[in-house]
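To start, the structure under review is shown below, and the notes come after it.
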Amino acid sequence: MKKPSRTLIGTVWLVFFISILLVLDIRFNGERSLLNSVGLAGPGFFSGLSEKFIGIFDKDGSGYSSPKVVTRQQVVNEESTVIDAVDKTSPAVVSIVVKTVNFDFFSGPTTSDQGIGTGFIVDKNGLIVTNSHVVDDPSGEYTVVTKDGKTYEVNKINLDETSDLAIIEITARNLPTVEFADSDNLKVGQMAIAIGNALGRFQNTVTVGVISGISRQLQATGGLGGVKTYENVIQTDAALNPGNSGGPLVNSAGQVIGINVATSVGADNISFAIPVNTLIPILDGFLKEGRIVRPYLGVTYTMITSEIAEIRDLPVGAFISRVSPESPASKAGLLRGDIITKINETALDGENSLSQVIAKMKVGDKLKLYVDREGKEELFTAEVEAAPENLQ
Numbered sequence: 051m052k053k054p055s056r057t058l059i060g061t062v063w064l065v066f067f068i069s070i071l072l073v074l075d076i077r078f079n080g081e082r083s084l085l086n087s088v089g090l091a092g093p094g095f096f097s098g099l100s101e102k103f104i105g106i107f108d109k110d111g112s113g114y115s116s117p118k119v120v121t122r123q124q125v126v127n128e129e130s131t132v133i134d135a136v137d138k139t140s141p142a143v144v145s146i147v148v149k150t151v152n153f154d155f156f157s158g159p160t161t162s163d164q165g166i167g168t169g170f171i172v173d174k175n176g177l178i179v180t181n182s183h184v185v186d187d188p189s190g191e192y193t194v195v196t197k198d199g200k201t202y203e204v205n206k207i208n209l210d211e212t213s214d215l216a217i218i219e220i221t222a223r224n225l226p227t228v229e230f231a232d233s234d235n236l237k238v239g240q241m242a243i244a245i246g247n248a249l250g251r252f253q254n255t256v257t258v259g260v261i262s263g264i265s266r267q268l269q270a271t272g273g274l275g276g277v278k279t280y281e282n283v284i285q286t287d288a289a290l291n292p293g294n295s296g297g298p299l300v301n302s303a304g305q306v307i308g309i310n311v312a313t314s315v316g317a318d319n320i321s322f323a324i325p326v327n328t329l330i331p332i333l334d335g336f337l338k339e340g341r342i343v344r345p346y347l348g349v350t351y352t353m354i355t356s357e358i359a360e361i362r363d364l365p366v367g368a369f370i371s372r373v374s375p376e377s378p379a380s381k382a383g384l385l386r387g388d389i390i391t392k393i394n395e396t397a398l399d400g401e402n403s404l405s406q407v408i409a410k411m412k413v414g415d416k417l418k419l420y421v422d423r424e425g426k427e428e429l430f431t432a433e434v435e436a437a438p439e440n441l442q
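All residue numbers for the sequence shown refer to this note's numbering, where the first residue is 51 and numbers rise by one.
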């Protein structure tokens, strides 16, 4: 049998020795200093081999490699979506400030500006939407501050306390405006982005969440102890703080889907917004009439839920307890005791109350009223009118 040559044996021992050096060098030093000293750590076989070992051993001997440090920031798709939506909407978001008077025994009264809420521009010539509770002090001197730092005095405030919405007017031209989405098409789980003047101090603060629920009913306590009931509001886990009221809730396309109104005290990640579809007919009426005009049917009612309907053997709908004289309902022939079960193609139920459906109408719209009268279904027609001044 032929013995291995000395050259072959020497080569095997050399490879074995270099392999030991490679492992020890990376294991304890994290650098290929020894290999560099013998000229074997450059490009080539051992260089590629050493790169593989780096994933196994590191400097501290822990057996794990250190995380790669990325010097260039990478923006993932979701982040890019939020950034684009905010860039699109935020130029039209304003802070609402009220001048307050402070009394001091020695220096006398002094004035200061206090941020109290948020609004967003809906017309380039100076129409801004916010909550009515943000600007409902008749003696308040209000100003708005745009994103670029410009300040405008509020000329006129148009309140709609029923919906807790207000349209305020300033003197300006060519302002950036927001874009509306259809809030009737919202889906639970879709992205929701809130922009507002958080705590009255941090302008254009952005928080991100999802639509947690739709068609919620909310009772909120006002500053004077009054209770306000909101129907059909949007629930979101996007964080809202005092000062966010009146600001926009937008979707991933940067379109307004709601007007931020309240957060749940004592609970985390539960906030609410008025659907933008509640605003749209109010804004349309204002643009036509120069004042807030509410659609009006003229009845006082109580909703009959499915539970009550089953117990009382009644249809689900709006039970009319009073018909206002000379109202559209009166002219149509509705009577006390009638139950409106459907308006046009919309059934009145837990998700669609009578006031919600009428609020989406415009003055002059024709209505088909499906009515249960003493167990018989009858059809009436009515035309939506503007609510009387004392009911606005």
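Idealized CB from N, CA, C, for every residue including glycine.
Listed in chain order, the non-local C-beta contacts of G308 below 7 Å within the same chain comprise S233, I284, L299, A323, I324, P325, V326, local neighbours out to five positions each way being set aside. Residues of the same chain with a CB within less than 6 Å of the CB of S377, apart from the 5 flanking positions on each side, are G348 in chain order. In this structure, R344 lies near A436, with their beta-carbon atoms less than 8 Å apart. Residue burial annotation: T355 is exposed, with fewer than 16 other C-beta atoms found within 10 angstroms of its C-beta. Your pair S140 and N254 checks out as a contact, with CB atoms roughly 5 Å apart and the cut at 8 Å. Taking C-alpha positions only, K206 is separated from N127 by approximately 42 Å.
When secondary structure is reduced to three states using DSSP, I218 falls in the strand class. Within the same chain, Cβ atoms closer than 8 Å to the Cβ of V194 are found at V144, S145, I146, V147, G169, I178, T201, Y202, V204, I218, I220, the five residues on either side in sequence being excluded. Rounded to whole angstroms, G297 and V434 show a C-alpha spacing of 30 Å. In this chain, A231 is not harboured by any beta strand (DSSP E), its DSSP state being neither H nor E. When the five nearest sequence neighbours on each side are left out, no beta carbon in the same chain lies closer than 6 Å to the beta carbon of D334. S189 counts as exposed, since fewer than 16 other beta carbons sit within 10 angstroms of its beta carbon.
Unbroken beta strand (DSSP E) runs of no fewer than 3 residues, entirely contained in the region 183-209, are found at 191-195, following chain order. In the displayed model, P226 falls within coil according to three-state DSSP, outside both helix and strand. Burial check for G246: the Cβ neighbour count within 10 Å reaches 16 or more, so the residue is buried. When secondary structure is reduced to three states using DSSP, K381 falls in the helix class. Assigned with DSSP and collapsed to three states, G335 falls in helix. The Cβ neighbour count for V238, taken over all protein chains shown within 10 Å, is under 16; the residue is labelled exposed. Separation of V407 and I393 (C-alpha to C-alpha, rounded to the nearest whole angstrom) is 8 Å. Close CB contacts of V373 within its chain, under the 7 Å cut and outside five residues either way in sequence, are with G348, V349, A379, S380, L384, L385, R386 (chain order). In this structure, N301 and A231 form a Cβ contact; the two beta carbons are roughly 6 Å apart against a cut-off of 8 Å. Under the three-state reduction of DSSP output, S262 falls in the strand class. From the listed residues V413, G165, A303, G167, the smallest Cα separation to S130 is found for A303.
Cβ-Cβ distances below 7 Å link K416 to T431, E433 in the same chain, with the five nearest sequence neighbours on each side left out; the list follows chain order. Assignment of E424 by DSSP, reduced to helix, strand and coil, places it in the coil class.
Unbroken alpha helix (DSSP H) stretches of 4 residues or longer found wholly inside the region 305-369: 326-339, 356-362, given in chain order.
In the DSSP annotation of this structure, the continuous segment of the beta strand (DSSP E) that includes N247 starts and ends at 241-248.
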